[in-house]
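To keep things clear, I will list the structure first and then write my remarks on it.
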């Protein structure tokens, strides 16, 4: 007797999608029960992982860090495939680890570490409190956001040190301390993708989990992990250039009948007009794409998703983080560009030559010790602005910024550190992503992340005949925005792919679950 295989289609060939595909394909006995396919709207695998080259160096346009090596599945895979060492230079960011950052104000004034450290220690202490499971909102009343808590902490610090200085010295010191504090806030924005830390829910921050151990980059590129996951899949299982425009599903009605047999319950429409049917679809697209997909004018889901799902999608935050790489012309021997932490002045003291989109960028640094390739991170509205700028405008903005900050150490900094080439990521306007990664926004919670992970149709206990119940597990959801404690990370995406694969394996009573 020939058993009809259940058709499983995974939408998206990023970390979550390929992890699910890898798990389903390699589980013993699964191949006899499931007909598996991965459809990817773009022309490459990897999703928000995109390893590239620039100036002869290997760089990451998307995911960059393994966030803690203790317990990370990404680290384990990278170690197994020997991707943690490379002869080719890569974006290892050793300046973060091996050399001391130089903190400079925008007028070129170098700030001594003894001046920076108290504010650095304060900021880190406040972030530790905001992330501590031992501290509740009841203990810190009237605080809704991480940003408001941080600013309250800075005000309290100033109250404690109110008598240390007077007059002009006090105003100057406060201005610089505020600039240093804002610099650390800008760094925190890159971790979260939020345009402003006022958008981050204070209570939800405590649920986010970190792996222990150091944070590292992958010498042979993040893409090597993706390629390892995909390597076990047979040719043709991953279909590139297959953008889904509509997902038709059947939440509460009988199956469509054709030639006397039931059709699978899910019907996928593609941009080229083609159609595929599936018993189960694992949707791994970004939260940004889902936010667009639930709009009334989108029609991505037909019928629309259940209200509990659309409400979670609406409440959760999804931001834009972009990286800008600069290739410098040859630098004189013995001179390296510093690992630069930038403290910008308040509005009344600003250098008008520095463009507004540079002013919430915290760092400008080589991607490794003596590299001629520099890197800066942009978040939120500044990240979107960078996407709209020409290379010439970016070069001009960076050149003026470099000149302003290094004017005292290198009077000819603009000519000494001359930018010859630019490469930038553009996650915000890419229709396949519409942003970078998720965060728990004000009025959202970890419950919304759990709701994101719920399959459809939702399991209902009723007295109705099970024969007329809709087929189960029609649409499953995976991706970093579906993980309650590891959202925004590649390992969160990995865990979600395993979770949804296991959901199907359990449904079909496969072994090795």
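In UniProt numbering, the protein residues as written are 1 to 513.
Positions of the beta carbon are idealized from the N, C-alpha and C atoms, including for glycine.
Inter-residue spacing [alpha-carbon to alpha-carbon] between residue i and residue j
{"i": "residue 510", "j": "residue 35", "result": "14 Å"}
{"i": "residue 480", "j": "residue 48", "result": "11 Å"}
{"i": "residue 321", "j": "residue 358", "result": "14 Å"}
{"i": "residue 367", "j": "residue 285", "result": "30 Å"}
{"i": "residue 8", "j": "residue 266", "result": "10 Å"}
{"i": "residue 212", "j": "residue 70", "result": "5 Å"}
{"i": "residue 464", "j": "residue 40", "result": "Annotation note: pLDDT 48 at residue 464 (below 50); position unreliable, coordinate value reported separately. Using only the alpha carbons, I get a separation of about 38 Å."}
{"i": "residue 398", "j": "residue 405", "result": "11 Å"}
{"i": "residue 370", "j": "residue 248", "result": "54 Å"}
{"i": "residue 500", "j": "residue 313", "result": "18 Å"}
{"i": "residue 250", "j": "residue 303", "result": "8 Å"}
{"i": "residue 505", "j": "residue 347", "result": "58 Å"}
{"i": "residue 513", "j": "residue 27", "result": "Note on residue 513: pLDDT 44, under 50, position unreliable in the model; the coordinate value appears next. Computed Cα separation, rounded: 8 Å."}
{"i": "residue 419", "j": "residue 402", "result": "10 Å"}
{"i": "residue 496", "j": "residue 24", "result": "13 Å"}
{"i": "residue 308", "j": "residue 421", "result": "47 Å"}
{"i": "residue 160", "j": "residue 110", "result": "26 Å"}
{"i": "residue 412", "j": "residue 323", "result": "26 Å"}
{"i": "residue 171", "j": "residue 135", "result": "33 Å"}
Nearest-angstrom Cβ-Cβ length linking residue i and residue j, presumed shorter than 8 Å
{"i": "residue 379", "j": "residue 106", "result": "Actually they do not touch by this definition, with Cβ atoms about 19 Å apart."}
{"i": "residue 444", "j": "residue 204", "result": "7 Å"}
{"i": "residue 393", "j": "residue 426", "result": "The Cβ separation is near 15 Å, so there is no contact."}
{"i": "residue 376", "j": "residue 364", "result": "5 Å"}
{"i": "residue 148", "j": "residue 201", "result": "Their Cβ separation, rounded to whole angstroms, is 11 Å, which puts residue 148 and residue 201 out of contact at 8 Å."}
{"i": "residue 514", "j": "residue 86", "result": "For residue 514 there is no data in the structure shown, the boundaries of the chain being 1 and 513."}
{"i": "residue 16", "j": "residue 493", "result": "4 Å"}
{"i": "residue 474", "j": "residue 280", "result": "7 Å"}
{"i": "residue 225", "j": "residue 74", "result": "6 Å"}
Spatially closest choice to residue i from the options, by CA coordinates
{"i": "residue 454", "options": "39, 305, 173", "result": "305"}
{"i": "residue 349", "options": "175, 312, 471", "result": "175"}
{"i": "residue 22", "options": "487, 498, 503", "result": "498"}
{"i": "residue 112", "options": "88, 42, 177, 38", "result": "177"}
{"i": "residue 76", "options": "409, 503, 490, 506", "result": "490"}
{"i": "residue 150", "options": "420, 119, 376", "result": "119"}
{"i": "residue 116", "options": "101, 129, 275, 434", "result": "101"}
{"i": "residue 372", "options": "110, 214, 328", "result": "328"}
{"i": "residue 188", "options": "331, 308, 316, 361", "result": "361"}
{"i": "residue 222", "options": "179, 473, 310, 53", "result": "53"}
{"i": "residue 300", "options": "246, 382, 94, 272", "result": "246"}
{"i": "residue 263", "options": "502, 470, 505, 51", "result": "470"}
{"i": "residue 231", "options": "407, 45, 409, 170", "result": "45"}
{"i": "residue 51", "options": "457, 434, 423, 431", "result": "423"}
{"i": "residue 429", "options": "326, 408, 319, 407", "result": "319"}
Close-in-space but distant-in-sequence residues of the same chain around residue i (CB under 8 Å, 5 per side omitted)
{"i": "residue 33", "result": "3, 5, 6, 508, 510"}
{"i": "residue 487", "result": "208, 437, 438, 439, 440, 449, 480, 481"}
{"i": "residue 217", "result": "60, 64, 65, 66, 90, 91, 92, 93"}
{"i": "residue 446", "result": "204, 207, 440, 484, 485"}
{"i": "residue 310", "result": "294, 304"}
{"i": "residue 354", "result": "106, 344, 397, 400, 401, 404"}
{"i": "residue 503", "result": "455, 473, 476"}
{"i": "residue 416", "result": "331, 332, 335, 410"}
Nonlocal neighbours in the same chain, by C-beta distance under 6 Å from residue i, ignoring five residues either side
{"i": "residue 88", "result": "58"}
{"i": "residue 98", "result": "With a pLDDT of 44 at residue 98, under the threshold of 50, the modelled position of that residue is not reliable, and no figure is offered here."}
Quiz item: Three or more C-beta pairs closer than 8 Å, one from the stretch 50 to 57 and one from the stretch 189 to 202: is that the case here?
Solution: By the C-beta criterion, the stretch 50 to 57 is judged not to be in contact with the stretch 189 to 202, since fewer than 3 inter-stretch pairs fall below 8 Å.
Quiz item: Between the stretch 173 to 188 and the stretch 237 to 251, are three or more C-beta pairs nearer than 8 Å?
Solution: Judged by Cβ distances under 8 Å, the stretch 173 to 188 makes no contact with the stretch 237 to 251, as fewer than three pairs qualify.
Exercise. Report yes or no: do the stretch 470 to 488 and the stretch 11 to 28 share at least 3 C-beta pairs separated by less than 8 Å?
Key: Three or more pairs of CB atoms, one per stretch, sit closer than 8 Å, so the stretch 470 to 488 contacts the stretch 11 to 28.
Quiz item: Taking one C-beta from the stretch 325 to 340 and one from the stretch 209 to 224 each time, how about it: are there three or more such pairs within less than 8 Å?
Solution: Short answer: they don't touch.
Quiz item: Is it true that the stretch 266 to 280 meets the stretch 289 to 296, where meeting means three or more beta-carbon pairs spaced less than 8 Å apart?
Solution: Using a Cβ-Cβ distance cut-off of 8 Å, the stretch 266 to 280 and the stretch 289 to 296 are not in contact, since fewer than three pairs of beta carbons, one from each stretch, lie closer than that value.
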